[in-house]
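>
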Amino acid sequence: MKTPRVTARAHTNIALVKYWGKRDEDLIIPMNGSLSLTLDEFYTETTVQFDSKQQTDHLILDGVTQPTTRVTPFLDIIRNQAGITAGAVVTSTNHVPTAAGLASSASAYAALAAAASKAAGLTLNRQDLSRLARRGSGSATRSVFGGFVEWQAGTNDATSYAVPIDEHPTWPIRMVTVVVDRAEKKIGSRAGMQTVVKTSPFYQEWVKKAQADLAAIKPAIAAHDIQQTGAIAESNAMAMHALNLTATPHFTYFTADSLTAMHCVEELRAKGIPCYYTMDAGPNVKVLCEEQHVAAILTALQAHFDKNDLLVAHPGPGVQIIRED
Ligand code: DP6
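So the number in our numbering is just where the residue sits in the sequence shown, counting from 1, plus 2.
1) Count the other CB atoms within 10 Å of the CB of H252; is the residue buried (16 or more) or exposed (fewer)?
2) Going by DSSP in three states, N96 sits in which element: helix, strand or coil?
3) Is any heavy atom in ligand 1 found nearer than 7 Å to the beta carbon of G274?
4) Three-state secondary structure (DSSP) at W153?
5) Examine ligand 2 and report whether any of its heavy atoms sits within less than 7 Å of the Cβ of K288.
6) Quick one, are the C-beta atoms of T231 and S145 less than 8 Å apart?
7) Measure the C-alpha to C-alpha separation of T48 and I86 and round it to an integer number of angstroms.
8) Taking the straight line between their C-alpha atoms, what separation do you get for R81 and I30?
9) For Y163, report the span of its beta strand (DSSP E) as first-last.
10) For N310 and T262, I'd like the C-alpha separation in whole angstroms.
11) Between which two residues does the beta strand (DSSP E) containing D53 stretch?
12) From this set, A118, S38, R325 and L124, which residue's C-alpha is nearest Q154's C-alpha?
13) Who are the near neighbours of A160 in its chain, counting only those whose CB is closer than 7 Å to its CB and skipping five residues on each side?
14) What I want to know is whether the C-beta of D282 ends up closer than 7 Å to one or more non-hydrogen atoms of ligand 1.
15) Closer than 7 Å by C-beta to M248: which residues in its own chain qualify, once you throw out the five before and the five after it? Chain order, please.
16) Anyone know if the C-beta pair for P317 and P171 falls short of 8 Å?
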């Protein structure tokens with residue numbers, strides 16, 4: 003028995019209010035709600051076919067066979083729901099303009115959830131697809147939707163899922179990525195957030211702040227208020243990164259180049275250009291701004307960075323099935 007071969011495309015997202023810590027490690031229930039912008043520039047395309055002749059799962063990522071340690075338990079959730087036992091062949095390609103270390107588990111698990119559930123014969127609505135993607139990687143919960151997306155933390159599997167806030171923003175919002183380092187991150191987000199939850203004396207303060215930031219950023223986005231939206235996003239990101247310095251052992255994703263990019267953004271702001279930075283579990287800096295300021299921001303950043311390392315993204319779409327045969 004072979005199921006249809008289904009291909010899905012999902013875009014990555016960058017959180018403006020971060021997810022940083024789980025209350026349930028197995029179900030991936032977060033400690034706090036988060037909010038992100040899905041981006042058009044970076045996406046993953048994943049093809050899945052289940053085949054009863056396959057004893058085990060096979061994963062080919064960007065042409066290279068990979069271990070299925072994380073993918074097989076995820077596919078097991080789908081197999082259980084669909085009542086099948088067949089192994090799967092999973093072929094996945096990351097589309098990133100340069101080899102920039104920007105491949106994300108968000109786009110990867112959102113695409114895998116959509117392709118594998120469809121191939122297994124499940125018909126999931128987007129809320130259930132978001133719940134499923136969550137089991138692969140927390141940030142994937144949000145990549146099911148386009149534009150501005152909120153992940154409602156919930157307290158269990160049924161109540162933790164993403165909802166679209168503004169799927170097709172008319173706001174000319176942009177995200178400039180400054181690629182400062184192409185290397186794999188040393189401390190993955192999974193391990194980093196675990197250490198922080200367990201050891202930072204400030205963790206509960208973070209949860210309170212994130213909840214307050216989430217409540218405050220939604221009206222700012224609705225009002226297309228770049229100053230408010232950007233200030234909240236920047237402050238939230240810095241609180242997350244400050245938390246890492248208070249963990250035992252302490253760690254940071256900042257590099258000298260990250261600080262250079264952030265100072266450059268601060269200088270632009272002092273000159274009256276509204277632009278704001280955020281960072282995830284790696285040294286690359288992302289700059290939130292409006293279209294009319296992109297050119298000035300790129301010019302300023304080019305004093306420090308190669309122009310090939312500056313990538314401009316628009317809001318991107320939610321996950322889509324792009325082929326079925
Ligand atoms: C800093 O979704 O990669 O990007 O759920 O363990 O797979 P797991 O973690 P992941 O963490 C993302 C952390 C972040 C913030 C965010 O995207 O909200």
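Even glycine gets a Cβ: it sits at the ideal position worked out from N, Cα and C.
Bear in mind the structure is a predicted one, so any value in this text is a computation, not a measurement.
The short version:
1) exposed
2) strand
3) no
4) Note: W153 maps to strand in three-state DSSP.
5) Ligands in the displayed structure: ligand 1; ligand 2 is not one of them.
6) no
7) Rounded to whole angstroms, the gap between the alpha carbons of T48 and I86 is 20 Å.
8) 19 Å
9) Y163 to D168
10) 17 Å
11) S36 to D53
12) S38
13) none
14) yes
15) Sequence check: residue 248 is Thr here, not Met. These residues qualify, in order along the chain: S202, P203 and F204.
16) Cβ atoms of P317 and P171: closer than 8 Å.
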